[in-house]
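Below: one structure, written as structure tokens.
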Amino acid sequence: MTHHPLMADQTLFRDPDLFDADHLPETFHYRDTQMEALALSLRPALRGGSPLNTVLRGPPGTGKTTAARYIFAQVEETTCRVVPILVSCQAERTAHTVYTKLFTALIGHPPPSHGTSGTSLLAAVGRTLAERGTVLVVGLDDANYLAPKGVLNEVLARILRLHESYPGARTGVVMTDSSTDTDLSRVLDRATYSVLCPNEVAFHPYTAEEVRGILGDRLQVGVYPGVVPPAVLDLVVERTVACGDVRVGLHLLNEAVLHAERAGRTAVEVGDVEAAFAVARHTRLTAGVQTLAPQERAVLSVLAGMVRRGEETTSGRVYEAVAAVEPMCYTRFYERLKRLEALDLVTRRQRKIGQGWTREIVVREGVEEMVGPVPAGSSGASLQSVTGVAEDEKCRYEGGRG
Ligand SMILES: Nc1ncnc2c1ncn2[C@@H]1O[C@H](COP(=O)(O)OP(=O)(O)OP(=O)(O)O)[C@@H](O)[C@H]1O
């Protein structure tokens, strides 16, 4: 391709939608083993039995959601006796909204907007399954988002025990979990865990060759030939592998092509990738920050401020600083912190102090710039006004068992 400046109405994209995060790719390579394991789990449902519950576990951007969407689409094509419903736990964060989603997808219309309890929503789901003789497979995408406050436990317990109140209602779950250290046997109570008894399917980060294959396939259909030269693709692959998330690579390509397009060039240069990388590497973190409730954001802002000032960030210290801005009991603070952790916006690191060890909270690189200063309206209340500190939870967090 010659390097003429682009006319104002020209574009380098054949199909820009291919770079959207929720685009279902035409081909899904490198995950045959995982797809076979998933198919094995769902096979009993195709014969009218209950599916085996399955957890797809691996770091972000390793194809877990895509695998679930592919297998669910195959099930839908194969039989109407099995109804797979995929629920985004980033979007549906309460048990009630999850049940509403199931009700709507199964029954075909939303429930009345007011006054329908979770119990009646599930009753309608259970009755419908029993009457139709269909098997429900609930996909809980990013299930780790429901772990705080016991929501995941409640949802799983009620879905998997539906047959007890509605004999003949068969259900199973496929969960995706990107927090590789979630121990379900601790997050769930013993009874729920024993009903779940999940098969685990591991999704490892893609190798450089696999990333190249995935991005290359997308480029072949998504942009015109020659727009992304091999040396530029090499750089994108290298950056993507370093982040471990294919989504970063797709975003990076999209931004780099747009950057070249805006500069009126017909091919992407290394400089376009460098400029785009500053944005693309934080794709996932930005999405996480956007889903925060104001109170969760406030905790993150306080924490980021402490990091900026080089202050000690053990959970006790952070709690004091947060409570000085917005009085809250430790339990509430702890829940918010767990949610920031579930979103991978913060992590905990062990540090030696004197003879002992302490755990400090670390803000992920790049998150600091995404949150502003502590919100206005600070009450300035002192710690003394805070009541209800749950010492046991504080110890759990400090001790790293939370
Ligand atoms: N094998 C693959 N072939 C083509 N595209 C892929 C493949 N694996 C992942 N992708 C693409 O990468 C992006 C991220 O994939 P996906 O959402 O499935 O990851 P995930 O493991 O579920 O991530 P998260 O844990 O963050 O939800 C999607 O846009 C998807 O299309």
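FYI, the working numbering numbers position 68 of the sequence shown as 520, with every residue one higher than the one before it.
Glycine included, every Cβ here is placed at the ideal spot set by N, Cα and C.
- The closest heavy atom of ligand 1 lies less than 6 Å from the beta carbon of residue 473.
- A direct Cα-to-Cα measurement between residue 466 and residue 719 gives close to 14 Å.
- Counting along the chain, no beta strand (DSSP E) covers residue 556; the unbroken alpha helix (DSSP H) around it starts and ends at 547-559.
- A residue is called buried when at least 16 other Cβ atoms come within 10 angstroms of its Cβ; residue 476 does not meet this threshold and is exposed.
- For residue 536, the secondary structure class from DSSP, reduced to helix, strand or coil, is strand.
- Non-local C-beta neighbours of residue 479 in its own chain, meaning closer than 7 Å and more than five positions away in sequence, comprise 669, ordered along the chain.
- The closest CA to that of residue 822, considering only 803, 798, 802, 625, is found on 798.
- Your pair residue 503 and residue 587 checks out as a contact, with CB atoms roughly 7 Å apart and the cut at 8 Å.
- Straight through space, the alpha carbons of residue 664 and residue 685 are spaced by roughly 8 Å.
- Around residue 806, the same chain offers no residue with a beta carbon nearer than 6 Å, after the five sequence neighbours per side are excluded.
- Counting only unbroken stretches of 4 or more residues, the alpha helix (DSSP H) elements lying wholly within the segment 578-648 are 603-612, 614-617, 636-639, 642-648, in sequence order.
- When secondary structure is reduced to three states using DSSP, residue 679 falls in the coil class, being assigned neither helix nor strand.
- With a cutoff of 6 Å, residue 804 does not count as near ligand 1, since its C-beta is closer than that to no heavy atom of the ligand.
- Within its own chain, the residues whose Cβ lies closer than 7 Å to the Cβ of residue 544, once the five positions on either side in sequence are excluded, are 550, 553, listed in chain order.
- Residue 504 carries a coil assignment under DSSP once its states are collapsed to helix, strand and coil.
- In this model, residue 778 and residue 746 are separated by some 12 Å (Cα to Cα).
- Going by C-alpha positions, residue 538 is about 18 Å away from residue 512.
- Residue pairing from DSSP leaves residue 524 without any beta-bridge partner.
- Within the chosen limit of 6 Å, ligand 1 reaches the beta carbon of residue 517 through at least one heavy atom.
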